[in-house]
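Just so you know, full-length UniProt numbering puts the end of the sequence shown at 166, numbered straight through with nothing missing. Virtual Cβ for every residue (Gly too), placed ideally from N, Cα, C.
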Amino acid sequence: MGAAAAEADRTLFVGNLETKVTEELLFELFHQAGPVIKVKIPKDKDGKPKQFAFVNFKHEVSVPYAMNLLNGIKLFGRPIKIQFRSENFQRQAVMNSVLRQMSYGGKFGSPHLDQSGFSPSVQSHNHTFNQSSSSQWRQDTPSSQRKVRLNSYPYVMDRHYSREQR
1 MGAAAAEADR TLFVGNLETK VTEELLFELF HQAGPVIKVK IPKDKDGKPK QFAFVNFKHE
61 VSVPYAMNLL NGIKLFGRPI KIQFRSENFQ RQAVMNSVLR QMSYGGKFGS PHLDQSGFSP
121 SVQSHNHTFN QSSSSQWRQD TPSSQRKVRL NSYPYVMDRH YSREQR
C-alpha cells in the first residue's frame, strides 16, 4: 500500500457543512476521536469555502471511531455527514462488520448491545455476604495457620525522601 492510499485510509470526508464552519473548529471537534494531522476545507474558484472537508488522522483506528462518535452532530444547526474517504477502507470496514455479525450471530454485531447500539443498563444483583461465617472461620482457625501481616506495608516506612537527599 502506497503512502497516498495509507493517507486515504486515515481520512474522513465530512459533508453538509455550514459556511461558518472553519478548519480550526473541525480540528478541535475531530481531535476528540484521536490525533488529527490536518483538516482541509476546499475552496471554489471564487475562493469561497465548499460545504465539505477532509479530516486526516494520525492513526487508522481513529477513522471509524470518529465516524461513530461524530456523524450527525450539528454544527451551526446543520447535521454533519461523515463518510470514509477511501473505498478500500470502507470495504474493509464493511467486511469486518459482516464477520463480526457472523461470529456473534446477532444483527448488530455484539450480543451485549441493544438496537440503539448502546449497552443495556447494568442490572444489580443482590449478593449477600454472610459475615458471621467469615468471622466464624477466623475463630476456628488457629492464628498459626493465618497469615499475620501486622505493620506490613508495600513500602518501607523508615525511608523519607526529600529534594535534599536525592
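May I ask you to list the residues that DSSP assigns as paired with residue 52?
According to DSSP, residue 52 bridges with 15.
Taking the beta carbon of residue 63 as the centre, do at least 16 other beta carbons fall within 10 Å, making it buried, or is it exposed?
By the beta-carbon neighbour count (other beta carbons within 10 angstroms, threshold 16), residue 63 is buried.
Residue environment, residue 46, which counts as buried when at least 16 other CB atoms sit within 10 Å
Residue 46 is classed as exposed because its beta carbon has fewer than 16 other beta carbons within 10 Å across all chains shown.
With C-beta atoms as the reference, is residue 17 less than 8 Å away from residue 80?
Yes, the pair counts as a contact, with Cβ atoms nearer than the cut-off.
Using the C-alpha atoms, what's the distance from residue 57 back to residue 10?
The C-alpha of residue 57 is placed about 5 Å away from the C-alpha of residue 10.
Using only alpha-carbon positions, find the residue among 5, 7, 52 that is nearest to residue 75.
Closest by alpha carbon: 52.
Mapping DSSP to helix, strand and coil, what is residue 21?
Secondary structure of residue 21 (DSSP, three-state): coil.
Using the Cα positions of residue 40 and residue 26, report the straight-line distance between them to the nearest angstrom.
The straight-line gap from Cα to Cα measures roughly 9 Å.
Can you look up residue 64 in the DSSP assignment and give me helix, strand or coil?
DSSP places residue 64 in helix when its eight states are reduced to three.
Distance CB(residue 182)-CB(residue 14) smaller than 8 Å:
Outside the shown range of the chain (1 to 166) lies residue 182, about which nothing can therefore be said.
Going by C-alpha to C-alpha distance, which of 33, 3, 49, 43 sits closest to residue 20?
The residue from 33, 3, 49, 43 with its alpha-carbon nearest to that of residue 20 is 49.
Taking the straight line between their C-alpha atoms, what separation do you get for residue 30 and residue 38?
The straight-line gap from Cα to Cα measures roughly 10 Å.
Apply the 10 Å Cβ neighbour rule to residue 66 and answer buried if 16 or more other Cβ atoms are within range, or exposed otherwise.
Residue 66 counts as buried, since at least 16 other C-beta atoms from the protein chains shown sit within 10 angstroms of its C-beta.
Roughly how many angstroms separate the alpha carbons of residue 77 and residue 36, rounded to a whole number?
Whole-angstrom Cα-Cα distance: 24 Å.
Can you give me the C-alpha to C-alpha distance between residue 6 and residue 12, rounded to a whole angstrom?
So the alpha carbons of these two residues sit roughly 12 Å apart.
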